[in-house]
Amino acid sequence: MDLRDSAAESAFREQLRDWLAATLPTVGPEPAHTDWPGRREYDTAWQRLLFDAGYAGINWPKEYGGRGATPTEHLIFLEETERAGAPYVGVNFVGLLHAGPTIVTEGTPQQRGAHLPKILTGEEIWCQGFSEPGSGSDLASMRTRAARDGDHYVVNGHKIWTSHAEVADYCELLVRTDPDAPKHKGISWLMMPMDAPGLTVRPLTTALGSAEFSEVFLDDVRIPVANRVGDENDGWRVTMVTLSFERGTAWVDQIVDSIRLIGELAEIAKKVTSRDATAWDDRGLRREIGHLAAEFDGLWAMTKRGVTEAGTGVPGPTASVLKLRYTEARQRLMELGARVLGRASLSRADIAGLPASEWTKERINSLSYTIAAGTSQIQRNIIGERLLGLPKER
Amino acid sequence: MHFLPTEDQLELQRGVREVLASVFPLEKLPDGFDQSAWDSIVETGVFAIRTDLGLGLAEAALAFEELGRVCIPGPFVATFITAGFADGPVTFLDPARQPLLVPYLENSQAILILGEQPVLAPASEVVGSTALTEPLDPLSPLHELPSVPSGTAVGAAAEQLKHEGALLTAAIQVGIAARLTELAVSYAKTREQFDRPIGAFQAVKHICSDMLVRTELARASLHSAAVILDDLANGEMAVLDPGRAVSGAKLLADEAATGNGRSCVQVYGGMGFTWEVPVHFFLKRAWLHATEFGTADEHAEDLAAAL
Ligand SMILES: Cc1cc2nc3c(=O)[nH]c(=O)nc-3n(C[C@H](O)[C@H](O)[C@H](O)COP(=O)(O)OP(=O)(O)OC[C@H]3O[C@@H](n4cnc5c(N)ncnc54)[C@H](O)[C@@H]3O)c2cc1C
């Protein structure tokens, strides 16, 4: 067991730090949350900078234009960019972490050539059209129908919660190609151009008040059969393959961020007064803060364990355990933050010299973490059934 | 970075596990401290991991998880941390904590008294101690001392001994938490109600999942803290403040062990409340360790102070 960087890892870290120190001052301020064209511009400009410096597709194989970095280097990349306050992956998320890797492993040479380079440079933005109004946790029950018509599929259906749909060029779309097959066996994975006729995007406003995701209505949308990745009716397996690409790194930036926020919370507590003393004078509160610090330090250690597991190819229990525990801890952190801020937490803008904006928005935003990408209940089912071998309910 | 046990480390852990399985199966648990089991453990070299084998706390933590897994009683932690300068078994006393209670006094050669200046007192010279007639953990006898005995100074810093003690106690707690998860899961797979294994019910399944989550988080924290203390001992740069790492590990391990104990009783239903099913022994041991080498509350406070 070794937590220190190897010589190669520390060289990688140093080089990255130098590059970030030189590059970040050239990056402009983040655009407003509601300014979608601006956000696309900002996120893709950052992606281009990463590409030019050789950091795009850090975990992708070299032969497909990635850096072919080890899982540990991937971890270092995410850790250092977060610590340096670099822009997030943003609208490039699905392309870099989901659709791209799927095309890497399951795509044809032609599909790879057409999309992978543009994903890496930030020229092509992807969204994920998996969930439907009737199919969330039970994703495999989805009903969006694709009927074969010559060398096209004609697609009809309704997707929902499609993040970044408004700015995306392509959608990784799950469709039902065989309605008579068992539910996991009749699904196909298609690349859908977002400008296809018959496609309507209707933004949904989140609890945060911004339009992070949309509904996507599909009305006789024609998609070339050549846009199918993997075999017909093999889309479920294709989807599952991709998940392994993350290699335990899904929450790195947020865990690093949480550890920073714990420190910030201690500082806030020293400033805020409650009754006749500062919040920090309250031993009970200090214990709660210390307790959360232990959890996030532990989650950080667990992340390192997961990354090592990924590197050895031995699947460990880490991914679901991490998702479940991290998202719940993050919510408790935000609740504690709100308690310390007191009535300053009622403002979404900084107030009274306190950083209310970040805490209050994230308090709202973190509500989604235990829902998106598999709810906490579903994670507990997965842990119980797949890791502990308990019998299924049905 | 390679944050998984190496093959050698796993082999050492397996070795300890095998010895324990033969000298201290669950059936022996109700009999309490077992001198011959103790001797067999000494023979495995667990206490000499650092002094003779030249290994570190990472290896010790893996071995101590095994001691927790079988719930074997004995003054393991103090014996390990004093192995460089005292003959075991060695027990310990926290002089700042009232009442002054010492576990396994009659099974020990000496008491490590962990005040600001740690000292060692021969167990035979302790006067006026009384055995608790009803200790919480029936397998871990406790003696109450009328006052803090005097002893001879030892050549190790209090802070280091406290860190090591908390770490190895956390390792035992992680072992307890892991075993309780195994017990609950295997019961949930076999016990049937309403015509199906109770583990098929989400209300039970999710209890088991949470047990695993608590255990794995505590284990990652434990291993991280062990590696950090080893790095420090080897003059390397540690990735986190050692005190913070140890406090986090002890806090999460205490929660995993005691939380899993309660959960395991619940999964077992009425059987879980019987003397015959060993779950209560694990839980009571976890409660005992939760008061040793700093409570979760104290560690949480220390952690906050270190921010
Ligand atoms: C911010 C955000 C972004 C998203 N982005 C995308 C995206 O880009 N693309 C996309 O395709 N999807 C996206 N999603 C959708 C997300 O994957 C789903 O919301 C999620 O899978 C849950 O589905 P649901 O919302 O239909 O809830 P439901 O499945 O209806 O769940 C409702 C409640 O029932 C519980 N429940 C359901 N089944 C079970 C069960 N078997 N046992 C116990 N409890 C159960 C759930 O835990 C939950 O508490 C996004 C969601 C959010 C919140």
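Protein chains in written order, with our numbering: chain X, 176 to 569; chain Z, 216 to 522.
Backbone N, C-alpha and C fix where the C-beta goes; we use that ideal spot for every residue, glycine too.
- Listed along the chain, the chain X residues whose CB falls inside 8 angstroms of the CB of V428 (chain Z) are V496, L499, R500 and I558.
- Counting other Cβ atoms within 10 Å of its Cβ, L351 (chain Z) stays below 16 and is therefore classed as exposed.
- Residue environment analysis places W490 (chain Z) among the exposed positions, since fewer than 16 neighbouring C-beta atoms fall within 10 angstroms of its C-beta.
- Set against 8 angstroms, the gap from the CB of L314 (chain X) to the closest heavy atom of ligand 1 is smaller.
- Look at K499 (chain Z): its C-beta is not under 9 angstroms from any C-beta on chain X.
- With a 10 Å radius around the Cβ and a threshold of 16 neighbouring Cβ atoms, R434 (chain Z) comes out buried.
- Annotation: the continuous beta strand (DSSP E) that includes R320 (chain X) extends over R320 to D324.
- Nearest in C-alpha terms to G203 (chain X), of all of X:R318, X:A261 and X:Q190, is X:A261.
- Identification of chain X residues near S478 (chain Z) by a Cβ-Cβ cut-off of 7 angstroms yields none; the smallest Cβ-Cβ distance measures about 13 angstroms.
- If you check the CB distance, T245 (chain X) and L219 (chain Z) do not come in under 9 angstroms.
- Here the alpha carbons of A293 (chain Z) and F307 (chain Z) stand approximately 6 angstroms from one another.
- Judged by the Cβ position, N556 (chain X) qualifies as a neighbour of ligand 1 at the 8 angstroms threshold, a heavy atom of the ligand being closer than this.
- In this structure, H339 (chain X) has its beta carbon less than 8 angstroms from a heavy atom of ligand 1.
- Within the same chain, and ignoring the five residues on either side of E307 (chain X) in sequence, the residues whose Cβ sits closer than 8 angstroms to its Cβ are M317, R318, T319, G332, H333, K334 and I335.
- Put simply, the CB of K293 (chain X) is far from chain Z, with every gap to its CB atoms at 9 angstroms or more.
- Classified as exposed, K237 (chain X) has fewer than 16 neighbouring CB atoms from the shown chains inside 10 Å of its CB.
- For the segment 433-446 of chain X, the set of positions with a beta-carbon nearer than 8 angstroms to some beta-carbon of chain Z reads I437, G438 and A441 in chain order.
- Those residues of the segment 268-297 of chain Z placed with their C-beta closer than 8 angstroms to a C-beta in chain X are A273, ordered along the chain.
- A Cβ of chain X is located within less than 9 angstroms of the beta carbon of H217 (chain Z).
- Excluding the 5 residues flanking it on each side, L270 (chain Z) has same chain C-beta neighbours closer than 7 angstroms at I264, in chain order.
- Cβ atoms of A381 (chain Z) and K243 (chain Z) stay farther apart than 8 angstroms, at about 28 angstroms.
- DSSP lists X:R377 as the bridge partner or partners of E390 (chain X).
- Residue range Y345 to R351 is occupied by the beta strand (DSSP E) that includes L349 (chain X).
- At least one heavy atom of ligand 1 falls within 8 angstroms of the beta-carbon of C302 (chain X).
- Ranked by Cα distance from R538 (chain X), the first of X:D177, X:R514, X:H290 and X:L365 is X:R514.
- Distance from the Cα of E321 (chain Z) is smallest, within the candidate group Z:Q332, Z:S355 and Z:F300, for Z:S355.
- Contact annotation for D302 (chain Z) against chain X: no contact, minimum CB-CB distance about 30 angstroms [criterion: below 9 angstroms].
- Among the residues of the segment 231-248 of chain X, those with a Cβ less than 9 angstroms away from any Cβ of chain Z are T247, in the order of the chain.
- DSSP, reduced to helix, strand and coil, places H514 (chain Z) within a helical segment of the structure shown.
- Nearest C-alpha to T247 (chain X) among X:D432, X:G423 and X:P200: X:G423.
- A435 (chain Z) belongs to the set of residues whose beta carbon lies under 9 angstroms from a beta carbon in chain X.
- As DSSP reads the structure, F409 (chain Z) sits in no beta bridge.
- Excluding sequence positions up to five before and after T493 (chain X), its CB lies within less than 7 angstroms of the CB of G423, M477, R480, G481 and E484, all in the same chain and listed in chain order.
- When secondary structure is reduced to three states using DSSP, K334 (chain X) falls in the strand class.
- A residue is called buried when at least 16 other Cβ atoms come within 10 angstroms of its Cβ; Q332 (chain Z) does not meet this threshold and is exposed.
- In this structure, ligand 1 has a non-hydrogen atom nearer than 8 angstroms to the beta-carbon of W336 (chain X).
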